[in-house]
Every structure is written in structure tokens, then in C-alpha cells.
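**Student:** Below is the structure I would like to discuss, written out as C-alpha cells.
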Amino acid sequence: MITKLFAECRLRLKAALLFLFFLGILSARGQSEDCKLSIGTNLGGISDWMTEMPFVDMMHNARTWGTRNQTDWIEGGVNEWNTELAHRVEKDENGYPLEVPFFFDDAALEDSQIIFTVWAYLAAWPSGIYTCFYEGEGEIQFGADGEVIHAEPGKLTVNITPSSEGGFLEMKIMRSKRGNHIRNIRLIMPGHENTYQDQPFNPLYLEKLQPFKALRFMDWGSTNNWGHDNMWECDDEPSDTILTPWDQRSRMAHYTWATNKGVPYEMMCDLCNTLGVDMWVCMPHCASDEYILQAATLIKDRLNPTLTIYAEYGNENWNWMFGQTQWLNTFFCENRGIPWPEGIVDKTQNHLDLWTNVFASQPERLVRVAGVQTAWQDVANRTIRNLRANSFDAVAVTGYFGLHETDDNLLDEMGAEATAADIARMIRQSMKTEIEWISSDYEELAVPLGKKIVYYEAGQHITPTPFGEEPTYAQALLDIQRDTALYNLYNEWFDLVGGLIPDGDKAVYMNFSFVGSLSARYGSWGILETLDQDTSMVYAPKYQAIAEYIQKCNNEVSNKFLQPAGSFSETLKIIKRGSKQYLILSDGPMNDVKVFSLSGQLVFEIQVPNKEYTDISLSQLTTGNYIVVVTAGKQPISRKIRID
């Protein structure tokens, strides 16, 4: 029976391959020209006003604690909205106060104090019944757009209906008993109260991320000036040389991840494992060697071994707008009497070496990234050429297009009369200059050093000059974000950037960014405005252009169908034959079959030397999603399966 099944499947596969071979001959030229970008995306930072909505537990993006009077209103009092005493409150290791209410004799308080948090923008929150779970003894209240409709120990049922103005939600801890204080608070989206522990990610988030090939966690990890509340300034004393130890990292059980430390590395790995996409991680500029080694080891062990890791030190360490650049200059240039940027090269080199050591036995899993500014060749050369040539794999640049300062001046003169068409016309004229900048990175850095170019951020960069100020042509900046002109600009840009990539190569191209609100002052970075954006009602030209490019390239014939005769074609079928019984069928000889959980743990392994099919039983595995990895030829092949 199995011989017959194998023969039938084999014939079908060969017929399909023959068809695809001839199709491939016809389309091969188009593929090499049009599909040179492997598009991933940066993810947005975690905040209480975010519209990206990655988690079903909304406590993960709650604002950090505030404090205020226990009494709602004290006659004749100041009644401050936030008395800002949270830093003085005694807390457990996960940030929960050990006792509420509390009082400080030296603080000139009007009343005993309680703890609160808020979510200041609910535009992307679904209306409905949320479930708040907690441990301990005390009292939790919800206000503004949230109303408690049922309460029992350890559980509140909360009706949340965001107002038309964007919404606002407040949660207060009114009482918390010392010795059994309130802790482990979870606020779960409607419909996920029974599944949030097994699937912490918002299903809509996973769906919208499905097309992308890789995720960059720069903002998820709060990389810019990591560990400081103000990302724009270095406020460390010049005498402070202490680097951050591993125990100061972001923790899974911390009450919120909307902090200056971002999301834990465990969740980054789990998201990539769930989607089956590569991971781009940025280490904090102030991380100790221990921190970097432990982070690299955690990621190595937790991430699915078939996925690639891009490792980068900090983010834009050349950019004086960010606190990390000022920090590096203070401690490693000025304090040591070494000019900038040469003084920070050894920090980058050290980071590269630590990652190299951790992945010494699996170097194929790692891409070591050295970041530079696209248009600043002098600084780029003085950084890259002072690194050991064999210590990094890729030069990371931006792939942005946008307005130049002269364009901004012209638009300012036009003011409210400026249109989206005016902006598009100016951008199209400036693209030539931006492509020349990127081309110089290939000519002066990548080609001479034999390195790849990867794009750590890319897409539109349509912002005013100076950044952060409302321009006179603000409406035009907003209008173009929903205009077909931007869709056309994206497709033209894909062609221009792709034209720089050598034939036969691809470049990782990380869109910036995924979901975010429109802003004329600070830039409209999201390719979607909200996660649940109805693009039939509110046009999303950036998302459409990217999704169509990815879909087009995914549907074209892959090189794996055009290999020389006798080589393993990497065609793989997994056929379910019964409860937890599977037939693994390939079009070439296999070596082994491995099954991994989505957290990267090996849960099954079998050797099948030179066999083209094998039966496996996974009866020992529990219900869930798994990754099947077959080793054959030079490259492993992976497929996702569901065990029910």
C-alpha cells in the first residue's frame, strides 16, 4: 500500500516539477530582476497608546505605575493626577507594590496613596468583555472607558468600550495586602481568556505579519538609549562606567513591557518561532559582556535552529539624535582621548566577537551585522575598515526615500496649498540622490570587503525639516500616506534598490515600520495605521505595495525546482495518515527527520539514511503547532504541522 502511495505521489511531483521547470525558464529573467528583496519588517515599540496590538494580554503594554491620592477629591487640595512617587514604593521582583495604600511622612502628601496605570489610546482595542485575572488579596478598580460588571476573588469581568475620541482606560490598585499582595495581573482580550497562556499573540497580529521573511526587534527591545526614560539624551555621569548586568534585563513576569527595557528576548524568539521567520536582534549599547553572552545563548537555545539570527550592536550608534551615541562618545571617546568614531569601534568589535564565540559550533545560523549611516561615507569607512574583516558578515544601511531640505523649503512656501502630488513629484526627483548614496555603500564598502548589504530600515521617510516641528504643509504630509502616489513610489523604489543587487543575490530589506498612527510632525512610519485597519475603507498604499511584491515573488518559481539532475530538489510532502501518524515524503534521499516545538525544543528525532519516505508516530506530543525539519542535501527543509 505504501509503495503504491509513494509511486502515485512521486509521479504527481515529477509532473509538477516538469511544468514548473518550463515555467521557470520563461520567468527566470523576470525573477532575477524583480525579486531581489527579501522583505521583513521592523516592529513598533510597546506603549499604552500603541495601535499594533501584538498581545492578547493588555497588561504587557500598560503604562508604568503612577501614584495619587486614595480619596478621589480632597476639598481645597491640589489633587495631582500623578504624585510621581512610584519609584519610592516597595515592590516585588516583578514590579508589583507590596502594600497599598501607602504613605511617606517626608513627602508632604494630602492623603494616603494608591497605585494606578492607564492606556491612553484605545483606537485599536476591540470593544467587548475583557477578563482581568490576578493573584493576592486586595481591590482593583477600572475607570474611564472600562466598567467592572462582575467581580470575584482573583477575577474581574470588565466591559471596555473605547470612546469615539480614541478612548482612555484606567486601572487602580486601591488595596493590596502585605504578605499576599496583588500580583500577576493579566487583562485579556475578549475571547482569549481560555487560550492566552498557550497563545499569547493576537491572532490578527500573526495574520498581518505572515507575509514577512524576518522581524527586527529594535523598537520592541527599546534599543535607543536602552534603560533610560529619555532616549534622546545621555544622563549618565562621565565617571559612571558600570555596564548593565544580565539580571537587569526585561523579564517575562514583569508587570509591563512598556518600559525602557522593552520586550523580553524569550517573546522575540517565540514570535519568530510561531511565524517561522528570521530574527534581527539589537543588543543594548550599555550591555556588559555577561549580558551579551547570556542573551546570545538564550536566543541560540530558544530560537528554532532553522531560522537565521541577525545580531546588531545598538541602533544607529552614529546618530547624535540618540542618547546611545552621546553615551558612547562620552565613555569611549572623550574619556579615553580617542576621536569619534574610532573610539567606539572596539565596542562594536567586542559585540561581534562575543556572538561569534556563542555560535562557534553553528556559525551558519548567525549573520553578524555592522551598521553604518548610508550617506556618511567618511564615518562609515572609519568604522567598518577598523573592524577585523572576518568578524562580521554584512554591512547594514538604510533604504529610505523621502524629502530633502530644499524640498521642505519649497513646500513650506506653498503651505496649506501643497498637495500629495507635490510631495510625490519632489520625492521622485530626489530618489536618484538616495540611490547614489546606497550605490556608494556597495562600491566603497560591500564590494571591496566582500560583504553583503542588508537594509536594517527601509521605505518612506517623509518627514519635515526640522524633525518634530509641525510644518505649514502638514495636511499634504498626511494625505500622501493614503494616496495611490505612494503606492507607485514604493514600486519604483523596489525597482531602483533591486537594480543595485548583483544578479543571483538577494538582500534582506527590513521595512520601517509595521503599525503606527499618522503624524505630520514625527513621521507616519506604519504601513498600517491600526492593526485592524479596513483597507477597503482606509487605503493603505504602503502595505499594498509590500504585500503585492512579496506575493508576486512567493508565487514565482523557486530556484529549488531548477537544480541539476540528481540533486535533492527540496520538495517535501507531509501526509497525515491517522491520529498523530505522518508519512514524510521527499523527492530525494533524506538523512534524518527532526520535530521542534515552537520554542525551539527538539521533541522528536529519527535517522532515515538515503530513504525517500518514512512513517513517523508523534503520539507522545501534546496538541499544538510544531516544526518538522528534514535534512537532505546541503540545506534542511522545514514545514509547520498541527497536532490535534
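Read in this note's numbering, the sequence shown has 38 at position 55, and its numbers run on one by one without any break. Ideal placement from N, C-alpha and C gives every residue a C-beta, glycine not left out.
Just to confirm, are Glu93 and Ile57 a CB contact at a threshold of 8 Å?
**Tutor:** Result yes, Cβ atoms of Glu93 and Ile57 sit closer than 8 Å.
**Student:** Along the alpha helix (DSSP H) that carries Gln360, what are the first and last residues, could you check?
**Tutor:** Counting along the chain, the alpha helix (DSSP H) containing Gln360 begins and ends at Gln360 to Ile367.
**Student:** Among all the DSSP beta bridges, which residues are the ones paired with Met262?
**Tutor:** Met262 pairs with Leu198 and Ile292.
**Student:** Just to confirm the assignment: which complete beta strand (DSSP E) runs, minimum length 3, are found wholly within the segment 464 to 546?
**Tutor:** For the segment 464 to 546, whole beta strand (DSSP E) runs of length 3 or above, ordered along the chain, are 490 to 494.
**Student:** Could you give the distance in angstroms between the alpha-carbon of Thr455 and the alpha-carbon of Leu585?
**Tutor:** Taking the straight line joining both Cα atoms gives about 58 Å.
**Student:** Can you check which of these residues, Asn44, Leu68, His43 and Thr34, is closest to Thr669 by C-alpha distance?
**Tutor:** Lying before the first or after the last residue shown, residue 669 is absent from the chain, which here runs from -16 to 627.
**Student:** If contact is defined by three or more beta carbon pairs under 8 Å, each pair taking one atom from either stretch, is the segment 200 to 218 in contact with the segment 298 to 306?
**Tutor:** With a cut-off of 8 Å, the segment 200 to 218 and the segment 298 to 306 count as touching, because enough Cβ pairs lie within range.
**Student:** Is Glu120 helix, strand or coil by DSSP?
**Tutor:** The answer is coil: DSSP assigns Glu120 none of H, G, I, E or B.
**Student:** Taking only three categories from DSSP, how would you classify Lys283?
**Tutor:** Looking at Lys283 - three-state DSSP - the assignment turns out to be helix.
**Student:** Reducing DSSP to helix, strand and coil, say where Lys330 ends up.
**Tutor:** Helix.
**Student:** Got a sec, what are the start and stop residues for the alpha helix (DSSP H) Leu226 sits in?
**Tutor:** Element bounds for Leu226: n/a, residue is neither H nor E.
**Student:** Apart from the five residues on each side of it in sequence, which residues of its chain come closer than 8 Å, Cβ to Cβ, to Ala441?
**Tutor:** Excluding positions up to five away in sequence, the list reads Thr381, Gly382, Tyr383, Val480, Tyr492, Met493, Asn494 and Phe495.
**Student:** What's the gap between the Cα of Asn471 and the Cα of Val437?
**Tutor:** Rounded to whole angstroms, Asn471 to Val437 spans 23 Å at the Cα level.
**Student:** At what residues does the alpha helix (DSSP H) containing Thr389 begin and finish?
**Tutor:** Looking at the DSSP string, the run of the alpha helix (DSSP H) that includes Thr389 is Glu388 to Met397.
**Student:** Label Gln240 either buried or exposed according to how many other C-beta atoms from any shown protein chain fall within 10 Å of its C-beta, with 16 as the threshold for buried.
**Tutor:** The question names Gln, yet the displayed sequence has Trp at residue 240. Trp240 comes out buried.
**Student:** Determine the DSSP secondary structure at Tyr274, reduced to helix, strand or coil.
**Tutor:** Three-state result, Tyr274: helix.
**Student:** Just list the residues that DSSP pairs Glu588 with in beta bridges.
**Tutor:** Its beta-bridge partners are Lys577.
**Student:** Can you list, in chain order, the residues of its chain with a C-beta nearer than 7 Å to that of Pro322? Leave out the 5 residues immediately preceding and following it.
**Tutor:** Cβ within range, chain order: Cys316.
**Student:** Using the three-state DSSP reduction, which class does Asn608 fall into: helix, strand or coil?
**Tutor:** Strand at Asn608.
**Student:** With DSSP as the reference, label Asn25 as helix, strand or coil.
**Tutor:** The answer is strand: DSSP assigns Asn25 an E or B state.
**Student:** From the DSSP secondary-structure annotation, give me the bridge partner or partners of Thr100.
**Tutor:** Bridge partners of Thr100: Met154.
**Student:** Could you tell me the alpha carbon to alpha carbon distance between Met41 and Ile29, rounded to whole angstroms?
**Tutor:** Their backbone Cα atoms lie some 11 Å apart in a straight line.
**Student:** So which of Thr389, Asn340 and Ala459 has the shortest CA-CA distance to Arg504?
**Tutor:** The shortest C-alpha separation from Arg504 is found at Ala459.
**Student:** When DSSP labels each residue in this structure, what does Ser422 get in the three-state scheme?
**Tutor:** Helix at Ser422.
**Student:** CA-CA distance, Glu453 and Met304?
**Tutor:** Cα-Cα distance, rounded: 18 Å.
**Student:** Helix, strand or coil for Tyr248, going by three-state DSSP, please let me know.
**Tutor:** Helix, per DSSP.
**Student:** I'd like to know if Arg199 contacts chain C, where contact means its C-beta is closer than 8 Å to some C-beta of that chain.
**Tutor:** The chain labelled as chain C is not found in the depicted structure, where only one protein chain is given.
**Student:** In whole angstroms, give me the CA-to-CA distance for Gln277 and Ser580.
**Tutor:** Spanning the two alpha carbons is a distance of roughly 22 Å.
**Student:** Near Glu190, what residues of its chain come up, given a Cβ to Cβ distance below 8 Å and the 5 sequence neighbours on each side ignored?
**Tutor:** Around Glu190: no qualifying Cβ.
**Student:** Is it the case that the segment 139 to 148 contacts the segment 80 to 98, given that we only count it when at least three CB pairs across the two stretches are under 8 Å?
**Tutor:** Taking 8 Å as the limit for Cβ pairs, the verdict is that the segment 139 to 148 does not touch the segment 80 to 98.
**Student:** Under 8 Å between the Cβ atoms of Arg622 and Ile557?
**Tutor:** Yes, the Cβ-Cβ distance between Arg622 and Ile557 is below 8 Å.
**Student:** Would you call the segment 331 to 344 and the segment 399 to 407 touching, i.e. three or more CB-CB distances under 8 Å?
**Tutor:** No: fewer than three Cβ pairs fall under 8 Å.
**Student:** Buried or exposed: where does Lys415 fall if 16 or more other Cβ atoms within 10 Å of its Cβ makes it buried?
**Tutor:** Classification of Lys415: exposed, given that the 10 Å Cβ count is below 16.
**Student:** Relative to the alpha-carbon of Asn312, which residue among Thr114, Glu63, Cys269 and Asp488 has its alpha-carbon at the smallest distance?
**Tutor:** Asn312 has its Cα closest to that of Cys269, out of Thr114, Glu63, Cys269 and Asp488.
**Student:** Between which two residues does the beta strand (DSSP E) containing Phe384 stretch?
**Tutor:** Note, Phe384: beta strand (DSSP E), Ala377 to Gly385.
**Student:** Smallest Cα separation from Asp261: which of Leu286, Gly119 and Met250?
**Tutor:** Cα-wise, what sits closest to Asp261 is Leu286.
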